[in-house]
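One structure is given below, encoded as structure tokens.
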Amino acid sequence: MPDERRARQIDARTLRALAHPLRMELLDLLTVDGPATATGLGKRVGESSGTTSWHLRQLADAGLVEEDTSRGSKRERWWKAAQESTRMRAADFADDPEMAGPLMAFLHQHVDIRYREQAQFVSELPRWADEWRDSSTLSSTRMPLTPGESQRLIEEIEAVIERYRRPARPGDETVITQWAAFPHATVAAEDQGGS
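full-length UniProt numbering puts the sequence shown at residues 1 to 195.
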């Protein structure tokens, strides 16, 4: 199981902080690209440094980002993600009416960010060397499973990802792994007919 520095389990406090699209985008940029200033992040997301600073402080209050004291000065504050990733179980919040809004905002923004990452990869595909094009995949699998089998699948995939984690070395590229496991309501055969 991942430790707290690697993966943060989202609780009600962090979910409320992440329910804002700009905060999720800022956290994602810090997680994927590393430490940055509010000014640098503002330029990337099209916001003022004042706006990004305020949202970074909200993320810091929730324990999701922290000041990178190894960089910058009193005038130039650098921020970094407090964890390598976040984890969430939607079931933890599904029955709480107060969390319905933050949960839906988080989930929709999460899906949007993941889509944009994939779309960026597709648009940049020609710039990658053959070895990287051959070592990348966008795939989708549908299969019948029970809830227990789905849970075991999730645990096994997470264990494989953990086995590959290590400190970065010269020549490494950041590889984004994205996957989801969720039930899909299929249309009954009799409902697929045209009449």
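Every residue gets a Cβ at the ideal spot worked out from N, C-alpha and C, and that includes glycine.
For S48, which residues from the same chain have a beta carbon less than 6 angstroms from its beta carbon, with the 5 sequence-adjacent residues on both sides left out?
-> Locating residue 48 in the sequence shown gives position 48, counting from the first residue. Taken in chain order, the residues that qualify are G42.
Local conformation of S150 per DSSP, three classes | In the sequence shown, residue 150 corresponds to position 150, counting from 1. Note: S150 maps to helix in three-state DSSP.
Under a three-way DSSP split, which group does Q120 fall into?
-> Stepping through the sequence shown from its first residue, residue 120 is reached at position 120. DSSP places Q120 in the helix class (H, G or I) of the three-state scheme.
Which of the three DSSP states, helix, strand or coil, is assigned to R87?
-> Locating residue 87 in the sequence shown gives position 87, where the first residue counts as 1. In the structure shown, R87 sits in a strand (DSSP, three-state: E or B).
Residues bridged to T37 (per DSSP) = On the sequence shown, residue 37 is found 37 positions in, with the first residue counted as 1. Paired residues: W78.
Where do the N-terminal and C-terminal ends of the alpha helix (DSSP H) with R8 fall, by residue?
-> The count along the sequence shown starts at 1 and reaches residue 8 at position 8. Annotation for R8: no alpha helix (DSSP H) segment contains it, though the beta strand (DSSP E) segment containing it runs 7-9.
If you draw a straight line from the alpha carbon of residue 196 to that of M88, how long is it in whole angstroms?
-> There is no way to answer for residue 196, as the model of the chain reaches only from 1 to 195.
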